[in-house]
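S.K.: Structure incoming, see below.
Protein chains: 2
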Amino acid sequence: MKKFINQVDDVLAESLTGFASAHANIVSLNLEPHFLTRRHKAENKVAIISGGGSGHEPLHGGYIGYGMLDAACPGHVFTSPSPDQMLAAAEAVHAGKGVLFIVKNYAGDVMNFEMAAEMLPFESATVLTSDDVAVENSTYTTGRRGVAGTVIVEKVVGSLAETGADLAACKALGDKVNSRTASMGVALTSCTVPAAGRPTFDIGDTELEMGVGIHGEPGRRREPMRNADAIVADMVAAILEDLKPAAGSEVLLLVNGFAATPLMELYLLYNSAAKLLQDKGLNVTRSLVGNYITALDMAGASITICLLDDEIRQHWDSPVHTAALRWQR
Amino acid sequence: MKKFINQVDDVLAESLTGFASAHANIVSLNLEPHFLTRRHKAENKVAIISGGGSGHEPLHGGYIGYGMLDAACPGHVFTSPSPDQMLAAAEAVHAGKGVLFIVKNYAGDVMNFEMAAEMLPFESATVLTSDDVAVENSTYTTGRRGVAGTVIVEKVVGSLAETGADLAACKALGDKVNSRTASMGVALTSCTVPAAGRPTFDIGDTELEMGVGIHGEPGRRREPMRNADAIVADMVAAILEDLKPAAGSEVLLLVNGFAATPLMELYLLYNSAAKLLQDKGLNVTRSLVGNYITALDMAGASITICLLDDEIRQHWDSPVHTAALRWQR
Numbered sequence: 002m003k004k005f006i007n008q009v010d011d012v013l014a015e016s017l018t019g020f021a022s023a024h025a026n027i028v029s030l031n032l033e034p035h036f037l038t039r040r041h042k043a044e045n046k047v048a049i050i051s052g053g054g055s056g057h058e059p060l061h062g063g064y065i066g067y068g069m070l071d072a073a074c075p076g077h078v079f080t081s082p083s084p085d086q087m088l089a090a091a092e093a094v095h096a097g098k099g100v101l102f103i104v105k106n107y108a109g110d111v112m113n114f115e116m117a118a119e120m121l122p123f124e125s126a127t128v129l130t131s132d133d134v135a136v137e138n139s140t141y142t143t144g145r146r147g148v149a150g151t152v153i154v155e156k157v158v159g160s161l162a163e164t165g166a167d168l169a170a171c172k173a174l175g176d177k178v179n180s181r182t183a184s185m186g187v188a189l190t191s192c193t194v195p196a197a198g199r200p201t202f203d204i205g206d207t208e209l210e211m212g213v214g215i216h217g218e219p220g221r222r223r224e225p226m227r228n229a230d231a232i233v234a235d236m237v238a239a240i241l242e243d244l245k246p247a248a249g250s251e252v253l254l255l256v257n258g259f260a261a262t263p264l265m266e267l268y269l270l271y272n273s274a275a276k277l278l279q280d281k282g283l284n285v286t287r288s289l290v291g292n293y294i295t296a297l298d299m300a301g302a303s304i305t306i307c308l309l310d311d312e313i314r315q316h317w318d319s320p321v322h323t324a325a326l327r328w329q330r
Numbered sequence: 002m003k004k005f006i007n008q009v010d011d012v013l014a015e016s017l018t019g020f021a022s023a024h025a026n027i028v029s030l031n032l033e034p035h036f037l038t039r040r041h042k043a044e045n046k047v048a049i050i051s052g053g054g055s056g057h058e059p060l061h062g063g064y065i066g067y068g069m070l071d072a073a074c075p076g077h078v079f080t081s082p083s084p085d086q087m088l089a090a091a092e093a094v095h096a097g098k099g100v101l102f103i104v105k106n107y108a109g110d111v112m113n114f115e116m117a118a119e120m121l122p123f124e125s126a127t128v129l130t131s132d133d134v135a136v137e138n139s140t141y142t143t144g145r146r147g148v149a150g151t152v153i154v155e156k157v158v159g160s161l162a163e164t165g166a167d168l169a170a171c172k173a174l175g176d177k178v179n180s181r182t183a184s185m186g187v188a189l190t191s192c193t194v195p196a197a198g199r200p201t202f203d204i205g206d207t208e209l210e211m212g213v214g215i216h217g218e219p220g221r222r223r224e225p226m227r228n229a230d231a232i233v234a235d236m237v238a239a240i241l242e243d244l245k246p247a248a249g250s251e252v253l254l255l256v257n258g259f260a261a262t263p264l265m266e267l268y269l270l271y272n273s274a275a276k277l278l279q280d281k282g283l284n285v286t287r288s289l290v291g292n293y294i295t296a297l298d299m300a301g302a303s304i305t306i307c308l309l310d311d312e313i314r315q316h317w318d319s320p321v322h323t324a325a326l327r328w329q330r
């Protein structure tokens, strides 16, 4: 294992400290317990909080800021954060209109966020993301996994919350986006958890893992490596089988890298997917390409499609100012 | 070699097409010869054009847009673009105030941009970037290589050009930024050029290449792998030996990933470097952390330090709207 680290036990704290220092104009870091908030507390809005195991950067800390999250709770690598982190984060950012938790559907995350919600002295609701169509249950989940679609949910709900919308409206929009979003991932290499020191799984030089999860957990099947168009065709087919979009539907296409795949290849995958969707009569009007939810040092990528409507498009386009996503169209 | 590609000969065109399609609101792609321009031609300003071999994405196409480049000429992977690309790009974006080429100091790039400048029917000037302190000459260069500092030069000069400044002023500011900027890189793995199909160099599981170039060309020396703080200390020492900043100097710190190194580790490196600079009495007031100039699929990172002054800071902070760098502070 070659990684840029010092002591394995210090990886998270040192990385978070670097993140908070590099983006001190946007975020603040609390160390005991670990949570990140906006530098300047927002008022008079639903507080949007997410969190989960670390190793998926820029998720979630990179999405804190105007138009997205108010706070994020990072667990240790691939480990759920604890309820005390969530409670402390909620205390710090609650602004009188309740707390919305956005939680990727992994058993540990769901349990701990539920526990926090029960102990919370404020009104709260939870949006569970479950966009991964690869498998129904996995090592980490009961039911479908939450993966890259989470970024879209956080962006869209975060935008609505800035308008002063109430908790029920934010929860409803989050659930709607999740129901209209589907993802599929593929790995070319394993990831290596620092504390383990060796690859999570073995994979040959001529193999790929179709439907891999963001922790390196198994997918649909081990398959022979093939060209990009063929891989994309299988990923897109699985997604469309789930979403069943009407002809002419307007979609957002997200091509996400798991960390070690170069941007040059991600844009090539985007090209392949966009052409395929066009051939199928879908209308790609919004795009995002890059490393937005990663799996430590895994080589691989996921494709996410979100069926847009006027409401989702408007909140996708609205201004956002975070470390990892920033625009003012 | 496992890569998301179709035919090796089509990698560049397919990736560029995907890039231009994903960012159609910012850039336009011309295919024969290959060059990228802003979607909407800017008027009444010096046209800023860069280019170089592909495989370093998001450099340079990702920096086209308001506040940075007017056009970029991508060569094949690790191969200089040709003068006809530069001439065609210049014809497309020249707006009556001359053309400034920003060129990384590699022999092929320098030669071809010089040839284009001679044939150009407009006034032109060139800023050569040469921020890499690792080696004086390399496989690809006569003199120091241009690496991640190029991004800073493009941002700062691009901002000045938007103000309507003339060609001489843009050239002078570019040269000034280059002279105040120094970089040092380290590789943990090789990169693999698609057409070659095998790693450019061999490196052991307990080794690193200190001072590596962005094409996988050799650096200062092969060294044993060690912890992040020790690696950073050597990189920063080499940079400061070159820049010799006065105590209390204000600096921009850029931690750049070569592609396969996760953001979690890049922020850890940033944390290490920022603390070290603070201990040495320097004042880190601006930061950038991420994959900004890459080396195909190499695992590794570079550190770049730019000595700020009021003029450079102002043009660094000014609004920018490109695919890879976007802010409105």
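Sequence order for the protein chains is A and C.
Numbering-wise (this note's numbering), the first sequence opens with residue 2 and increments by one.
Numbering-wise (this note's numbering), the second sequence opens with residue 2 and increments by one.
Note that the Cβ used here is the ideal one computed from N, Cα and C, for glycine as well.
Only a predicted model underlies this, so the values are computations on that prediction, with no experimental measurement involved.
1. Using a Cβ cut-off of 7 Å (strictly closer), state whether A/Met112 contacts chain C.
2. Please name the residue or residues paired with C/Gly66 in a DSSP beta bridge.
3. Could you list the residues in the region 293-312 of chain C with a C-beta less than 8 Å from some C-beta on chain A, going in chain order?
4. To the nearest angstrom, how far is it from the Cα of A/Asn31 to the Cα of C/Asn228?
5. For A/Thr143 and A/Glu44, I'd like the C-alpha separation in whole angstroms.
6. For the region 257-279 of chain C, which residues have a CB atom closer than 7 Å to at least one CB atom of chain A, in sequence order?
7. Below 8 Å on C-beta distance, what does C/Pro59 contact in chain A?
8. Hey, how far is the Cα of C/Ala231 from the Cα of A/Thr201?
9. Do A/Pro84 and A/Ala117 have their CB atoms nearer than 7 Å?
10. From the beta carbon of C/Gln329, is the nearest beta carbon of chain A less than 7 Å away?
11. Cβ of A/Ile6 less than 7 Å from any chain D Cβ?
12. Taking CB distances under 7 Å as the criterion, tell me whether C/Leu161 reaches chain A.
13. Starting from A/Pro84 and walking both ways along the alpha helix (DSSP H), at which residues does that stretch end?
14. Name the two residues that bound the continuous beta strand (DSSP E) containing A/Val78.
15. Could you tell me the boundaries of the alpha helix (DSSP H) in which A/Asn31 lies?
16. Does the region 9-20 of chain A touch the region 267-286 of chain C, meaning 3 or more C-beta pairs lie closer than 8 Å?
17. Taking buried to mean at least 16 other C-beta atoms within 10 Å of its own C-beta, is A/Arg222 buried or exposed?
18. Given this structure, state the Cα-to-Cα distance separating A/Arg314 from A/Leu161, to the nearest angstrom.
19. Is the region 136-154 of chain C in contact with the region 46-64 of chain C, if contact means three or more CB pairs nearer than 8 Å?
20. Can you give me the Cβ contacts of A/Gly53 inside the same chain, cut-off strictly under 6 Å, excluding the 5 residues immediately before and after it?
21. Taking only runs of the beta strand (DSSP E) that begin and end inside the region 151-212 of chain C, which ones reach a length of at least 3 residues, in chain order?
22. Measuring only between beta-carbons, confirm whether A/Phe102 sits less than 7 Å from chain C.
23. Closer than 7 Å, Cβ to any Cβ of chain C: which residues of the region 13-36 of chain A, in chain order?
24. Helix, strand or coil: how does DSSP classify A/Lys105 here?
25. Put C/Asn7 into one of helix, strand or coil per three-state DSSP.
26. How should C/Ala247 be labelled, buried or exposed, when 16 other C-beta atoms within 10 angstroms of its C-beta is the threshold for buried?
27. When you compare the CB of C/Asp235 with every CB in chain A, is at least one pair closer than 7 Å?
28. Counting only Cβ pairs nearer than 8 Å, list the residues of chain C close to A/Gly56.
29. Check the Cβ-Cβ distances between A/Ser288 and every residue of chain C, and say whether any is below 7 Å.
30. Three Cβ pairs or more, each shorter than 8 Å: is that satisfied between the region 292-308 of chain A and the region 182-193 of chain A?
31. If you run the structure through DSSP and keep just helix, strand and coil, what is C/Phe20?
32. Just the C-alpha distance for A/Ala72 and A/Leu37, rounded to the nearest angstrom, thanks.
33. Is the beta carbon of A/Ala260 sitting closer than 7 Å to the one on C/Pro263?
34. By DSSP's criteria, A/Trp328 is part of a beta bridge. Which residues make up the other side?
35. If the cut is a Cβ gap below 7 Å, which residues of chain C does A/Lys3 touch?
36. Can you pull the chain C neighbours of A/Ala229, defined as C-beta to C-beta under 7 Å?
M.R.: In terms of the structure at hand:
1. Within the first sequence, numbered from 1, the residue matching residue 112 of chain A stands at position 111. Taking Cβ atoms only, chain C never reaches closer than 7 Å to A/Met112, which makes this a no.
2. Translated into the one-based positions of the second sequence, residue 66 of chain C becomes position 65. Per DSSP, C/Thr323.
3. Thr295, Leu297, Asp298, Ala300 and Ala302
4. For the purposes of this step, residue 31 of chain A is taken as the residue at position 30 of the first sequence. For the purposes of this step, residue 228 of chain C is taken as the residue at position 227 of the second sequence. Roughly 26 Å between the two C-alpha positions.
5. Numbered from its first residue, the first sequence carries residue 143 of chain A at position 142. Numbered from its first residue, the first sequence carries residue 44 of chain A at position 43. Taking the straight line joining both Cα atoms gives about 36 Å.
6. Ala260, Ala261, Thr262, Pro263, Leu264, Met265, Glu266, Tyr268, Leu269, Leu270, Tyr271, Asn272 and Ala275
7. Numbered from its first residue, the second sequence carries residue 59 of chain C at position 58. Under the 8 Å cutoff, chain A gives Leu264.
8. Along the second sequence, one-based indexing puts residue 231 of chain C at 230. Along the first sequence, one-based indexing puts residue 201 of chain A at 200. Taking the straight line from one Cα to the other gives about 27 Å.
9. Translated into the one-based positions of the first sequence, residue 84 of chain A becomes position 83. Translated into the one-based positions of the first sequence, residue 117 of chain A becomes position 116. Against a cut-off of 7 Å, the Cβ pair of A/Ala117 and A/Pro84 comes out as a contact.
10. To locate residue 329 of chain C, count along the second sequence from 1; it is residue 328. True, the Cβ-Cβ gap to chain A drops below 7 Å.
11. The question asks about chain D, but that chain is absent: this structure's protein chains are A and C.
12. Here the question's residue 161 of chain C lines up with position 160 in the second sequence. No, because no Cβ of chain A sits closer than 7 Å to the Cβ of C/Leu161.
13. On the first sequence, position 83 is the one that residue 84 of chain A refers to. Run containing A/Pro84: Pro84 to Val94, per the alpha helix (DSSP H) assignment.
14. Locating residue 78 of chain A in the first sequence gives position 77, counting from the first residue. Per DSSP, A/Val78 belongs to the beta strand (DSSP E) from Ala72 to Val78.
15. What you label residue 31 of chain A is simply residue 30 of the first sequence in a count that begins at 1. Here A/Asn31 belongs to no alpha helix (DSSP H); instead the beta strand (DSSP E) covers Val28 to Asn31.
16. yes
17. Here the question's residue 222 of chain A lines up with position 221 in the first sequence. Its Cβ having fewer than 16 others within 10 Å, A/Arg222 is exposed.
18. Position 313 of the first sequence, counted from the first residue, corresponds to residue 314 of chain A. Position 160 of the first sequence, counted from the first residue, corresponds to residue 161 of chain A. C-alpha separation (whole angstroms): 11 Å.
19. yes
20. If you number the first sequence from 1, residue 53 of chain A lands on position 52. Around A/Gly53: Lys105 and Asp110.
21. 182-188 and 208-211
22. On the first sequence, residue 102 of chain A is found 101 positions in, with the first residue counted as 1. It does not; no Cβ of chain C falls within 7 Å.
23. Glu15, Ser16, Thr18, Gly19, Phe20, Ser22 and Ala23
24. In the first sequence, residue 105 of chain A corresponds to position 104, counting from 1. A/Lys105: strand per DSSP, three-state reduction.
25. Counting from one through the second sequence, the residue named residue 7 of chain C turns up at place 6. Here C/Asn7 sits in coil by DSSP.
26. Along the second sequence, read from residue 1 onward, the residue named residue 247 of chain C stands at position 246. So C/Ala247 ends up on the exposed side.
27. Along the second sequence, read from residue 1 onward, the residue named residue 235 of chain C stands at position 234. C/Asp235 does not count as touching chain A.
28. Here residue 56 of chain A is taken as the residue at index 55 of the first sequence, counted from 1. Ordered by position in chain C, the residues that pass the 8 Å Cβ test against A/Gly56 are Pro263 and Met265.
29. In the first sequence, counting from the first residue as 1, residue 288 of chain A sits at position 287. By this cut-off, A/Ser288 is an interface position.
30. yes
31. Stepping through the second sequence from its first residue, residue 20 of chain C is reached at position 19. Looking at C/Phe20 - three-state DSSP - the assignment turns out to be helix.
32. Position 71 of the first sequence, counted from the first residue, corresponds to residue 72 of chain A. Position 36 of the first sequence, counted from the first residue, corresponds to residue 37 of chain A. A/Ala72 and A/Leu37: Cα-Cα distance of roughly 5 Å.
33. Translated into positions along the first sequence, residue 260 of chain A becomes position 259. Translated into positions along the second sequence, residue 263 of chain C becomes position 262. Yes.
34. For the purposes of this step, residue 328 of chain A is taken as the residue at position 327 of the first sequence. Answer by DSSP bridge pairing, in chain order: A/Val321.
35. Within the first sequence, residue 3 of chain A is the residue found at index 2, counting from 1. The answer, in chain order, is Leu189, Asp206 and Met226.
36. The residue you call residue 229 of chain A lines up with position 228 of the first sequence. Those are Phe5, Ile6 and Asn7, listed as they occur along chain C.
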